[in-house]
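Residue numbering for the sequence shown follows the working numbering, beginning at 27 and increasing consecutively. Note that the Cβ used here is the ideal one computed from N, Cα and C, for glycine as well. Notes follow the structure.
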Amino acid sequence: MNARIRRTTALDPALLNAREQLQVQYARYHTSAPFWSAYQAIQDALIHAHPQHRIDVCNQLASLAEQLGAVDHAQLLVERRPEHLSIDRHTGSTLP
């Protein structure tokens, strides 16, 4: 794995439920579009319920997908802290 995943007690029951849902979807659809639609819906619901744990939610679900075999290697997110961002960083915007 690319990053350390933090365990949060508030998320644990929700993640257990998400695991069960993803296992059912993977058994039905493997890696076809319906699986990824279900994955996205589960992720959206978890993020909505736990907005303070967005990165953890995404990383936990990515790890679940890897454990199920949906992906070979989960791409995990790293939290960007303000002290690590440059003020002069180009945003890529072409607007004046």
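Are there 16 or more other CB atoms within 10 angstroms of the CB of residue i, so buried, or fewer, so exposed?
i      : result
Asp98  : exposed
Asn43  : exposed
Ala100 : buried
Gln86  : buried
Ala67  : exposed
Asp38  : exposed
Ala88  : buried
With DSSP collapsed to three states, give me the class of residue i.
i      : result
Ser58  : coil
Gln101 : coil
Output needed for residue i: all residues of its chain with C-beta closer than 7 Å, excluding positions within five of it in sequence on either side, in chain order.
i     : result
Ile73 : Arg80 and Val83
Tyr52 : Phe61, Leu94 and Ala96
For residue i, report the span of its alpha helix (DSSP H) as first-last.
i     : result
Leu37 : No alpha helix (DSSP H) holds Leu37; DSSP gives it neither H nor E.
When you measure from the CB of residue i to every non-hydrogen atom of the ligand ATP, does any distance come out below 7 Å?
i     : result
Pro77 : Only the bare structure without any ligand can be found here, which leaves the ligand ATP out of the picture.
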